[in-house]
């Protein structure tokens, strides 16, 4: 399954990110996790970029979220809903607007590395902020949006219809309660992959590390020819 392959890939990169028995797998049957996600998760553990805090890697293109504990072990993977607009940055002032006031073009989920945690919100009580400055949080799929069919989109087997939110990340209520809430109760680090920007622009240290590793692999392959 995709979840097992992910944990094996991260472990080979970091010698640590292995799948625990209790890991929750909500990914559709047969849906793979990208090599980039696997490599990024392995790099986070190997470089200690999350400084021992739990972390999540979110792939907007594949509409996936992978959650890891502070020990680097995979706790769960699931489909997610993201901002309906393609883009990697938040529009200035968008955090101060009511949801209905946010123009369609500005309903993006920003890409990058964010340090977040639980805190109060104006209209939703206590929420898990990914990026407080742009008002982006992770929360269960809201029940009050029947016209948007968010639950149906989340349950569909492909990521093609998972761009529907105003910018926040939605997951199933079960995944939120079983994995997200307990993992990030004391905060964590969130890595959101870009739509359009390069990995080098969004995650320069990771990109440099990967380039160095590929260069070293190339040197070893060349030296082995006779």
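Numbering (this note's numbering), first residue to last: 4 to 229.
All C-beta atoms, glycine included, are put in the ideal place defined by N, C-alpha and C.
Per-residue burial, residue i [other beta carbons within 10 Å of its own, 16 or more giving buried]
{"i": "residue 163", "result": "exposed"}
{"i": "residue 211", "result": "exposed"}
{"i": "residue 199", "result": "exposed"}
{"i": "residue 22", "result": "Per-residue confidence for residue 22 stands at a pLDDT of 45, beneath the threshold of 50, marking its modelled position as unreliable; the derived number appears in the next sentence. The residue is buried, with at least 16 neighbouring Cβ atoms inside 10 Å."}
{"i": "residue 147", "result": "exposed"}
{"i": "residue 155", "result": "exposed"}
{"i": "residue 197", "result": "buried"}
{"i": "residue 41", "result": "buried"}
{"i": "residue 53", "result": "buried"}
{"i": "residue 203", "result": "exposed"}
{"i": "residue 126", "result": "exposed"}
{"i": "residue 38", "result": "exposed"}
{"i": "residue 201", "result": "exposed"}
{"i": "residue 138", "result": "buried"}
{"i": "residue 216", "result": "exposed"}
{"i": "residue 150", "result": "exposed"}
{"i": "residue 7", "result": "Only weak support exists for where residue 7 lies, its pLDDT of 44 falling under 50; the value from the coordinates is given anyway. The residue in question, residue 7, is exposed, as its Cβ has fewer than 16 Cβ neighbours within 10 Å."}
{"i": "residue 93", "result": "buried"}
{"i": "residue 102", "result": "exposed"}
Limits of the unbroken alpha helix (DSSP H) element including residue i
{"i": "residue 50", "result": "38 to 50"}
{"i": "residue 154", "result": "153 to 158"}
Nearest-angstrom Cβ-Cβ length linking residue i and residue j, presumed shorter than 8 Å
{"i": "residue 91", "j": "residue 66", "result": "At roughly 16 Å, the Cβ-Cβ gap does not stay under 8 Å, so residue 91 and residue 66 are not in contact."}
{"i": "residue 2", "j": "residue 58", "result": "Here the chain comprises residues numbered 4 to 229, so residue 2 is not present and cannot be evaluated."}
{"i": "residue 78", "j": "residue 47", "result": "Actually they do not touch by this definition, with Cβ atoms about 14 Å apart."}
{"i": "residue 129", "j": "residue 122", "result": "7 Å"}
{"i": "residue 98", "j": "residue 74", "result": "33 Å between Cβ atoms; not a contact."}
{"i": "residue 133", "j": "residue 124", "result": "Actually they do not touch by this definition, with Cβ atoms about 12 Å apart."}
{"i": "residue 152", "j": "residue 112", "result": "So it is not a contact: roughly 19 Å between Cβ atoms."}
{"i": "residue 29", "j": "residue 206", "result": "Not quite, the Cβ-Cβ distance comes to about 25 Å (not below 8 Å), so this is no contact."}
Run of the beta strand (DSSP E) containing residue i, from where it starts to where it stops
{"i": "residue 130", "result": "129 to 134"}
{"i": "residue 62", "result": "58 to 62"}
{"i": "residue 142", "result": "139 to 143"}
{"i": "residue 80", "result": "77 to 82"}
{"i": "residue 97", "result": "Careful: residue 97 lies outside any beta strand (DSSP E) and carries neither H nor E."}
{"i": "residue 120", "result": "115 to 123"}
{"i": "residue 68", "result": "67 to 71"}
Exercise for review: Taking only runs that begin and end inside the stretch 151 to 217, name each unbroken beta strand (DSSP E) of 3 or more residues, in chain order.
Suggested key: Runs found: 166 to 168, 172 to 174, 191 to 195.
Exercise for review: Could you tell me whether the stretch 80 to 87 touches the stretch 156 to 172, using the rule of 3 or more Cβ pairs below 8 Å?
Suggested key: Yes: at least three Cβ pairs fall under 8 Å.
Practice item. Evaluate contact between the stretch 106 to 113 and the stretch 179 to 194, counting only Cβ atoms and requiring at least three cross-stretch pairs below 8 Å. Key: They do not touch, by the three-pair rule.
Practice item. Decide if the stretch 172 to 183 is in contact with the stretch 129 to 145; the criterion is three or more beta carbon pairs, one per stretch, under 8 Å apart. Key: Segments in contact, yes.
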